[in-house]
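Structure first, commentary second.
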Amino acid sequence: MKKHNFSAGPCILPEVVLKKAAASVVELDGSGLSLIEISHRSAAFVEIMEKARNLVLELMGLSGKGYEALFLQGGASLEFLMVAMNLLEKRAGYVNTGTWSDKAIKEARLFGEVLELASSKETGFKNIPKGYNIPKGLDYLHLTTNNTIFGTQFQAFPETDAPLVADMSSDIFSRKLDYSRFDLIYAGAQKNMGPAGTTLVVVKSDILGKVSRKIPSMLDYQVHISKESMFNTPPVFAVYTSLLTLEWLRDLGGIAAIDEINAKKAKLLYSEIDLNPLFEGYAAKEDRSAMNATFNLTEPKLKETFEKMWKEAGINGLNGHRSVGGYRASMYNALPLESVGVLVDVMSDLERKA
Ligand SMILES: *Cc1c(COP(=O)(O)O)cnc(C)c1O
113 MKKHNFSAGP CILPEVVLKK AAASVVELDG SGLSLIEISH RSAAFVEIME
163 KARNLVLELM GLSGKGYEAL FLQGGASLEF LMVAMNLLEK RAGYVNTGTW
213 SDKAIKEARL FGEVLELASS KETGFKNIPK GYNIPKGLDY LHLTTNNTIF
263 GTQFQAFPET DAPLVADMSS DIFSRKLDYS RFDLIYAGAQ KNMGPAGTTL
313 VVVKSDILGK VSRKIPSMLD YQVHISKESM FNTPPVFAVY TSLLTLEWLR
363 DLGGIAAIDE INAKKAKLLY SEIDLNPLFE GYAAKEDRSA MNATFNLTEP
413 KLKETFEKMW KEAGINGLNG HRSVGGYRAS MYNALPLESV GVLVDVMSDL
463 ERKA
């Protein structure tokens, strides 16, 4: 039986996507060849890349607005430095909302002055900082829109005159947003889009080409744009599988449709966390993430019983990140509402038995 997969990443993908991706490894669309044994310059793959890049922009409502979508490698972790290398001339601002922002700040400091404008470190990253001052004239302002580890998510974005850069690794394509407020968005594929191995970058081209340093070709967004994301051999399987997920999302009704489903899942789980006296949420209520719900048992002695119960119910991947402990239920796009129902039933069963 297929498990209810709450894993934080790599994580659940739609079953139809997995089946089609698996079949393509044996034979791509009746071509007599495997997806992974054809040239990336073949008409078949060039079309896959083109479709994927266009569909990204279409889903985000960014087609024809000066943006480019790139499928790169190196994970979101490489973007931490690529962003700074391509955009940081004098001074950039970062909001520190947890482990991933911390890492982004560390890499950016190799290239210029980085102002940590606000941090929720003091509260154990339980909340999203608000009401801080953003100086004028920054090269860019960087945010991590969803904090995968601590379970917080920006519900509103700060006003700034600087280009807005966002690490959206764990909430990309999950909610309705005015994506045109962002000038550069990046995300490792493996949370909401596809398998590990490719990183999506969506960038407004007019913010590029303004730094004075020399940028190595592989790290230069402008090079990747001019080569239509085919400067070198792209990770063909990861790109194709991402395309299949994006098509699945489009056929479902796009971001507006998944936003509603994700909101239902989050409401169902957070209501149980709030009503069941055996559980308490980790993140501040107003900043809770719809993607990663973090919570704890109020009676630690029930840990073993709870673990036995959720494992027996076919649930996978519920343990919190090693740095936080407790539990983390990741409810990415492909996780059905039904799986959240199963988890909520286990939680209320525990209350009845305890
Ligand atoms: C998972 C994650 C990363 C790291 O991504 P890699 O692709 O493994 O480098 C970075 N930022 C956020 C918000 C994440 O959730």
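Counted the way the working numbering counts, the sequence shown spans residues 113 to 466.
Cβ atoms here follow ideal geometry from the backbone N, Cα and C, with glycine treated the same way.
Excluding the 5 residues flanking it on each side, D141 has same chain C-beta neighbours closer than 8 Å at A156, in chain order. By the criterion of a C-beta distance shorter than 7 Å, K202 is surrounded in its chain by G224, E225, D251, once the five residues flanking it on both sides are discounted. Scanning Y394, D386, V314, P389 for the CA closest to the CA of T260 turns up Y394. Nearest Cα to L222 within the set D386, M194, M113, V129: M194.
If you ignore the 5 residues before and after I327, its C-beta comes within less than 7 Å of the C-beta of M197, N198, all in its own chain and listed in chain order. The alpha-carbon of I370 is positioned some 33 Å away from that of I246.
Taking C-beta separations shorter than 7 Å and ignoring five residues to either side along the sequence, the partners of I124 in its chain run N117, Y444, A446, L447, following chain order. The shortest C-alpha to C-alpha distance from A308 to any of E271, T353, A274 is the one to T353. The Cβ atoms of A164 and V351 lie closer than 8 Å to each other. Looking at the DSSP output, F407 sits in a beta bridge with G393, Y439.
With fewer than 16 other CB atoms across the displayed protein chains lying within 10 angstroms of its CB, N344 is exposed. For A188, the CB falls within less than 7 Å of some heavy atom of ligand 1. If you compare the alpha carbons of Y298, L169, N428, S143 with that of E359, the shortest gap goes to L169. By the beta-carbon neighbour count (other beta carbons within 10 angstroms, threshold 16), E450 is exposed. The residue among K376, A368, K303 with its C-alpha nearest the C-alpha of K288 is A368. Going by C-alpha positions, A216 is about 9 Å away from H254.
A heavy atom of ligand 1 is found nearer than 7 Å to the CB of N258. A181 has its alpha-carbon roughly 41 Å from the corresponding atom of M459. Apart from sequence neighbours up to five positions away, the residues of its chain that approach L171 with a beta-carbon distance below 8 Å are F285, L358, L361, R362, G366, I367, ordered along the chain.
A direct Cα-to-Cα measurement between S338 and S329 gives close to 11 Å. Taking each of K379, Y298, A133 in turn and checking the Cα distance to T256, the smallest one comes out for Y298. Around the Cβ of M113, a 10 Å sphere holds fewer than 16 other Cβ atoms; the residue is exposed.
For L462 and E411, the gap between their C-alpha atoms comes out near 11 Å. Separation of S435 and N374 (C-alpha to C-alpha, rounded to the nearest whole angstrom) is 26 Å. At a cut-off of 7 Å, the beta-carbon of G300 counts as near ligand 1: some heavy atom of the ligand is closer than that.
Taking C-beta atoms as the reference points, K316 and Y179 count as a pair closer than 8 Å.
Rounded to whole angstroms, N239 and P275 show a C-alpha spacing of 24 Å.
Residue state for E398 is assigned as helix, using DSSP reduced to three classes.
Per the DSSP secondary-structure output, K316 pairs in a beta bridge with Y179. A Cβ-Cβ separation of about 24 Å leaves G176 out of contact with T311 under the 8 Å criterion. Short of 7 Å from the beta carbon of V452, and not among the five residues preceding or following it, lie these beta carbons of its own chain, in chain order: K377, L380, L381, M443.
Approximately 17 Å separates the beta-carbon atoms of L455 and A466; this is outside 8 Å, ruling out the contact.
Bridge partners of I427 according to DSSP: H116. L296 sits buried, since 16 or more C-beta atoms from the chains shown fall within 10 Å of its C-beta.
DSSP links N259 through a beta bridge to T264.
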